[in-house]
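J.: Here it is: the structure, laid out below.
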Amino acid sequence: MKTEILTLNTFSVQKAKDILFAGGVIGMPTETVYGLAGIGTMPNAVKKIFEVKGRPSDNPLIAHVHKDYDLNKLVFVEQEYAYKLIKAFMPGPLTLVFKSKGVVCKEATCGGETLAVRMPSHSGCQKLLKAVDMPIVAPSANLSKHTSPVTAEHVYNDLNGKIELILDGGKSSGGIESTVLDVTGSVPRILRAGLITKEMIEEVVGACEIAYHKDGDKVKSPGVKYTHYKPLCETMLFEQSQLDLVEIEYEKAIKQGKVPYVMCTDEVAEKFSDKNLLKLGLTPEQVASNLYDKLLEGEKKADLIIAVAMPDEMGVNMGVMNRLRKSCG
Ligand code: TXA
Ligand code: MG
Numbered sequence: 007m008k009t010e011i012l013t014l015n016t017f018s019v020q021k022a023k024d025i026l027f028a029g030g031v032i033g034m035p036t037e038t039v040y041g042l043a044g045i046g047t048m049p050n051a052v053k054k055i056f057e058v059k060g061r062p063s064d065n066p067l068i069a070h071v072h073k074d075y076d077l078n079k080l081v082f083v084e085q086e087y088a089y090k091l092i093k094a095f096m097p098g099p100l101t102l103v104f105k106s107k108g109v110v111c112k113e114a115t116c117g118g119e120t121l122a123v124r125m126p127s128h129s130g131c132q133k134l135l136k137a138v139d140m141p142i143v144a145p146s147a148n149l150s151k152h153t154s155p156v157t158a159e160h161v162y163n164d165l166n167g168k169i170e171l172i173l174d175g176g177k178s179s180g181g182i183e184s185t186v187l188d189v190t191g192s193v194p195r196i197l198r199a200g201l202i203t204k205e206m207i208e209e210v211v212g213a214c215e216i217a218y219h220k221d222g223d224k225v226k227s228p229g230v231k232y233t234h235y236k237p238l239c240e241t242m243l244f245e246q247s248q249l250d251l252v253e254i255e256y257e258k259a260i261k262q263g264k265v266p267y268v269m270c271t272d273e274v275a276e277k278f279s280d281k282n283l284l285k286l287g288l289t290p291e292q293v294a295s296n297l298y299d300k301l302l303e304g305e306k307k308a309d310l311i312i313a314v315a316m317p318d319e320m321g322v323n324m325g326v327m328n329r330l331r332k333s334c335g
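Under our numbering, the first residue of the sequence shown is numbered 7, with each subsequent residue one higher.
In structure tokens, the structure reads:
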């Protein structure tokens with residue numbers, strides 16, 4: 007199969023719509039990462055998504071809808087506070103988990119009773135969702151375990167020959183996946199950290215919990231238990247208090263004839279100006295936005311990426327550190 011990349015416009019959206027309604031899957035831009043999209047009421051399309059990615063069959067998909075879509079068609083909104091969150095953060099990088107009405111097929115929810123729903127804010131994605139006017143299920147458009155894509159080219163590098171079309175909507179500005187929030191209980195619970203932070207949620211609804219889990223626990227968001235986000239080169243991760251170890255590992259790699267790169271914030275980079283660098287930016291938002299892009303740039307140039315952790319895990323840094331640990335830890 008030949009994989010075409012088309013700039014997202016009226017013409018390519020029509021083409022995407024035709025492929026989707028014929029049961030096909032496509033690459034779709036969002037403001038977080040690119041998605042591998044299929045219509046959520048078509049079991050065969052959903053099966054294709056799992057096949058193309060090589061995704062474990064017990065890891066459910068997020069349903070994406072346009073901003074005027076009536077969520078009540080898909081889910082039961084049982085908690086009053088959920089309406090406040092919808093008003094405050096949708097469209098945007100927040101996914102809410104509700105009790106499902108079963109409209110989105112069981113292949114997408116993996117037979118579970120809940121459905122994760124999100125309204126992307128990316129204007130091109132909205133155009134596609136509006137044209138289709140159906141729930142589009144989409145995991146990140148990478149091969150399972152690999153780093154998530156934030157450009158059409160990244161999607162192409164993973165899925166060339168496996169899908170017909172990738173809509174190019176530019177680089178995803180957010181850079182890490184949406185916050186996944188369980189809103190079925192009396193207090194919202196973060197299942198996956200992201201750009202909508204615990205602090206932001208608390209400000210709107212007062213309280214917010216974080217779902218921690220140990221090995222062996224029955225996890226509520228199955229995706230978080232898998233190996234994830236791995237670039238195709240060696241990686242290491244050090245705290246900011248261990249910069250001397252970064253230095254040592256870097257020199258060791260050079261002596262072994264390897265090409266090492268240090269991946270860190272611009273601030274930390276000032277201390278390593280004589281080294282190969284993958285600079286992530288200054289603010290936590292900039293770091294989130296650049297993280298996958300730099301990991302994917304790094305796997306092409308480096309034999310070893312030595313990543314330096316963020317100084318704390320507050321706000322957006324929680325989501326960033328969650329990805330850094332899985333990709334480089
Ligand atoms: O930003 C994003 O969320 C991107 C873009 C494409 O929208 N999508 C994405 O999808 O990251 P994926 O499949 O890579 O991750 C979805 C996460 C997984 O951790 C999955 O387990 C969880 O959401 N999830 C999906 N449905 C769920 C449900 N019903 N209950 C709990 N967790 C769910
Ligand atoms: Mg993913």
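Glycine included, every Cβ here is placed at the ideal spot set by N, Cα and C.
Whole angstroms are fine: how far does the CA of Cys131 sit from the CA of Gln20?
T.: Between Gln20 and Cys131, the alpha-carbon positions lie close to 13 Å from each other.
J.: At a cut-off of 8 Å, would you count Glu183 as near the ligand MG, judging by its Cβ distance to the nearest heavy atom?
T.: Yes, since a heavy atom of the ligand MG falls inside the 8 Å radius drawn around the Cβ of Glu183.
J.: Go ahead and label Ser89 buried or exposed: buried means 16 or more other beta carbons lie within 10 angstroms of its beta carbon, across all protein chains shown.
T.: With the sequence shown as reference, residue 89 is identified as Tyr, and Ser is not the correct amino acid for it. So Tyr89 counts as exposed.
J.: Alpha carbon to alpha carbon, what distance is there between Ala313 and Ile32?
T.: 32 Å
J.: Which complete alpha helix (DSSP H) runs does the region 136-207 hold, if anything under 4 residues is left out?
T.: 158-165
J.: Quick check on DSSP: helix, strand or coil for Arg61?
T.: coil
J.: Could you check what DSSP says for Ser371 in three-state terms: helix, strand or coil?
T.: With the chain covering 7 to 335 only, the question about residue 371 has no answer from this structure.
J.: Ignoring anything shorter than 4 residues, give me the alpha helix (DSSP H) runs that lie fully in the region 207-293, in order along the chain.
T.: Segments of the alpha helix (DSSP H) lying fully in the region 207-293: 249-261 and 272-275.
J.: Ile142 and Gly30 - do their beta-carbons sit closer together than 9 Å?
T.: no
J.: For Tyr298, is the beta carbon positioned less than 8 Å from some heavy atom of the ligand TXA?
T.: no
J.: Could you tell me which of Pro126, Asn166, Pro145 and Ile182 sits nearest to Pro66, measuring between CA atoms?
T.: Pro145
J.: Taking the straight line between their C-alpha atoms, what separation do you get for Arg61 and Gly44?
T.: 15 Å
J.: Is Asn148 near the ligand MG - that is, is its Cβ less than 8 Å away from at least one heavy atom of it?
T.: yes
J.: Give a yes or no on whether the C-beta atoms belonging to Lys285 and Ala275 are separated by under 9 Å.
T.: yes
J.: So is Lys57 buried or exposed if we call it buried at 16+ other beta carbons inside 10 Å?
T.: Contrary to the premise, residue 57 reads as Glu rather than Lys in this sequence. It counts as exposed.
J.: Please report the Cβ distance between Leu197 and Ile182, rounded to the nearest whole angstrom; I am assuming they are in contact, meaning their Cβ atoms lie under 8 Å.
T.: About 14 Å separates the two Cβ atoms, so there is no contact after all.
J.: Flag His3 as yes when its Cβ comes closer than 8 Å to any non-hydrogen atom of the ligand MG, and as no otherwise.
T.: Not covered by the structure: residue 3. The range shown for the chain is 7 to 335.
J.: I want to check one thing, is the minimum distance from the CB of His373 to the heavy atoms of the ligand TXA below 8 Å?
T.: Outside the displayed span of the chain (7 to 335) sits residue 373, for which this structure offers no information.
J.: Can you check which of these residues, Lys281, Thr271, Leu251 and Asp272, is closest to Val265 by C-alpha distance?
T.: Lys281
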